[in-house]
Amino acid sequence: MIPVIEKRTLVKTAVFLQACRREETAYTPIWLMRQAGRYMPEYQAIRAQYGMLEVMQTPELAAEVTLQPINAFGLDAAIIFSDILPPLIGMGLDLEFVKGEGPLIHNPVTSTADIERLRTPSAAEHMQPTLDAIRLAAAELTPRGIPLIGFCGAPFTLASYAIEGGGSKNYAKTKALMYTEPAAWDQLMRKLATVQADYLLAQVEAGASALQAFDSWAGLALGVKDYVKYIQPYNKLLFEKAAQAGAPTINFSTGTAAYLGEVAACGGDVIGVDWRLPLDVAWAKIGYDRAIQGNLDPVALLTPWPVLKEKVDDVLARANGRAGHIFNLGHGIFPNVPVDNVRRLVDYVHEATG
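Counted the way the numbering used here counts, the sequence shown spans residues 631 to 984.
Here it is in structure tokens:
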């Protein structure tokens, strides 16, 4: 087994990690959120035999899915195949991925007593399959000089799932608890930040070279005042603890264009942005002392090449060759994206910037 320190040495000159550190790169690195998954026939073949949780909890399968897009395209980083929600299982919630509906929590948090009962187990106790998958994937990726990204869900997004019991259009239950039970909200968010920070640190120990926190729901649910009051302290705590791993961290959120500065203030070496602001405008709000990740509209990958190329060129032009740009989508790739469009996108970003 390759020691963690040696792993970092083998991949530290990877273009993706150089961009995380805002170093000059030979070309713009690219990876895609949800790059391991539904749009690939290889993944569909596995899912025809196994359920979602079964794939995530079987290290060999999770590692195989992680490597599928790396073997198919010239991507500059892999991301471990998992989901943001499994850590909730160890905390005491009953999670199921329902076909056609998405994640469902059968015993959602509905009271302060429920919050008090939530456990804060270590990742070694309840996330071992994913940590083992990271070890397996890193063993394949490290000799090739390809970094592996570990990730977690940010506290608010996980709290929303835990309280709503699944997806939500208005986050009414979450916001009701947040507004009316401040002590309980603080306890819940601190528990989530503690569990997620431990999970991130364990992922680096297992072989991840970078870390991303997904705050997918914060900007869709809250305005700037509520974000600063109810989310920012806990995201700061998460990134402060994650920094102890010594790996670059990526702070990704959606719907936060109106207060990107407040998002960036939470931490992260790289700020991931969605497509709702032009990249140059977003970078100016974040500050040029931070790297940026993004921000092609995921829908663009469904369009003919001339349209897709025009939109890619716009993102690259707005980055203007500044060190610290990691090309990505503004959110996850859609399941009906043509594989050839992904291949053409990855190759073109490298050719256009190399």
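Every residue gets a Cβ at the ideal spot worked out from N, C-alpha and C, and that includes glycine.
| Check | Outcome |
| --- | --- |
| For residue 800 and residue 851, the rounded distance between their alpha carbons | 7 Å |
| Start-to-end residues for the beta strand (DSSP E) that takes in residue 900 | 900-902 |
| Spatially closest choice to residue 823 from 832, 866, 933, 846, by CA coordinates | 866 |
| Cβ contact (3+ pairs, closer than 8 Å) linking the segment 734-742 and the segment 656-664 | no |
| Residue 724, DSSP secondary structure in three states | coil |
| Strand pairing of residue 881, partner residues [DSSP] | 843, 901 |
| Euclidean distance between Cα positions of residue 962 and residue 906 | 14 Å |
| Length-filtered (3 minimum) beta strand (DSSP E) runs lying within the segment 734-783 | 778-783 |
| Buried versus exposed, by CB contacts within 10 Å (16 or more), residue 967 | buried |
| Rounded separation between residue 904 and residue 959 - CA only | 7 Å |
| Residues bridged to residue 698 [DSSP beta-bridge criterion] | Note: residue 698 sits in no beta bridge, so no partner. |
| Under the three-state DSSP convention, the category residue 687 falls into | coil |
| Of the residues 911, 666, 677, the one placed nearest residue 729, counting alpha carbons only | 677 |
| Contact set for residue 655: own chain, Cβ-Cβ below 8 Å, skip 5 residues either direction | 645, 648, 649, 953 |
| Cβ neighbour criterion (16 or more within 10 Å) applied to residue 821 | buried |
| Inter-residue Cα distance where the pair is residue 818 and residue 710 | 26 Å |
| Neighbourhood of residue 887 by C-beta distance below 6 Å, restricted to the same chain and skipping five residues each side | 906, 907 |
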